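Reviewing the structure listed below.
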Amino acid sequence: MASAIITGSARGIGAAIALRLAQDGYDIALNDISEKMFENNDIVEKIRETGAQCEYFIADVSDHGQCENLIKTVKEKFGTIDVLVNNAGITRDALMMRTTEENYDLVISVNQKSVFNMMKFAGTVMMRQKKGRIVNLASVAGLYGNPGQINYSASKAAIIGMTKTAAKELGARGVTVNAVAPGFIKTPMTDALTEEQRNKMLALIAMKRYGLPEEIAGVVSFLASDDASYVTGQVIEISGGLSM
Ligand code: NAP
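Position 144, counted from 1, in the sequence shown is what the numbering used here calls 133; the numbers after and before it change by one each time, with no gaps.
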């Protein structure tokens, strides 16, 4: 059976993507930064109920060596790595003038360097297999900017450039690399925003509602499917019409 690895997938959008890819027939390698993310969490059971194999692997994806080890372990466990979804991400929001160097570097490291780490090691496996699908989680903040997110928008804009570069480097080996750019999706990450911030966003969304993690998972499922075999280097915005 084919397998998929989804980073930062103990909860939120990553967990929804993992469940959807399991329903699509993939065995699932979940990942998150700490063991406690999988305590009091039924994601592994839910995925196994679909008939898929599912294991979780603890690794900090901002760490180059841990990613090398993660990919090696997942390859040993499942035999192949057919889909990589770079989903792990964090925010440390503040206006630019108040953003500390530490929080700038942290967000770049977790959101952006992780994508390099994982594409490098999983991409090597996929090139040898002569097939593979990589989907990176960008954001509308990376496309249009967002006040209070200098670090986050930089990391997400970089992911778009990295997606196109990797698509060009890996295309001839049968590996596609695409990005999705979610708008405002209801998850623990956005639950942390203030009521005022949330209402401001809602006013800008054509569909006048927030997105659901499952609505991101559906597009990722398409990009991983045979129907998307000739789609690479693209960024699909999933924002309910936030910007047109
Ligand atoms: P979330 O609920 O916070 O989930 C992200 C997961 O990644 C968390 O479980 C987090 O663990 C984990 N993680 C953080 N650092 C990690 C690391 N170094 N290594 C491995 N795992 C790590 O976020 P989400 O809202 O589902 O977002 C998922 C992705 O979509 C992110 O890349 C985000 O930027 C992107 N996105 C989200 C939205 C939205 O509206 N929600 C919009 C646009 C883009 P901890 O909780 O321990 O940090």
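For every residue, glycine included, the Cβ atom is placed at its ideal position computed from N, Cα and C. Note that the coordinates shown come from a computational prediction; the quantities given were computed from them, not determined experimentally.
Counting only the Cα atoms, Gln42 lies some 40 Å from Gln186.
Rounded to whole angstroms, the gap between the alpha carbons of Arg0 and Ile194 is 25 Å. For Asn75, no alpha helix (DSSP H) segment is defined; the enclosing uninterrupted segment is the beta strand (DSSP E) at 72 to 75. In this structure, Val99 places its C-beta atom within 9 Å of the C-beta atom of Ala77. At a cut-off of 8 Å, the beta-carbon of Ser(-2) counts as near ligand 1: some heavy atom of the ligand is closer than that.
Note that the C-beta distance between Ile32 and Ser(-2) is below 9 Å. Within its own chain, the residues whose Cβ lies closer than 6 Å to the Cβ of Gln138, once the five positions on either side in sequence are excluded, are Asp82, Ala130, listed in chain order. Contact between Leu8 and Lys35 holds: CB atoms are separated by about 6 Å, below the 8 Å threshold. Residue range 16 to 21 is occupied by the beta strand (DSSP E) that includes Asn20. Note on geometry: alpha-carbon atoms of Tyr45 and Leu182 lie some 29 Å from one another.
Annotation for Ile79: Val96, Val99, Asn100 place their beta carbon closer than 7 Å to its own, counting only its chain and skipping 5 residues before and after. In the DSSP assignment, Glu226 forms a beta bridge with Ala170.
The C-alpha of Met108 is placed about 15 Å away from the C-alpha of Asp49.
Counting of Cβ neighbours within 10 angstroms places Asp216 among the exposed residues, the total staying below 16. About 14 Å separates the Cβ atoms of Ile2 and Asn20, ruling out a contact at the 8 Å cut-off. Contact between Ile6 and Val209 holds, with the beta-carbon distance rounding to 5 Å and staying under 8 Å.
Here the alpha carbons of Pro177 and Lys25 stand approximately 16 Å from one another.
Between Lys175 and Thr221, the alpha-carbon positions lie close to 27 Å from each other.
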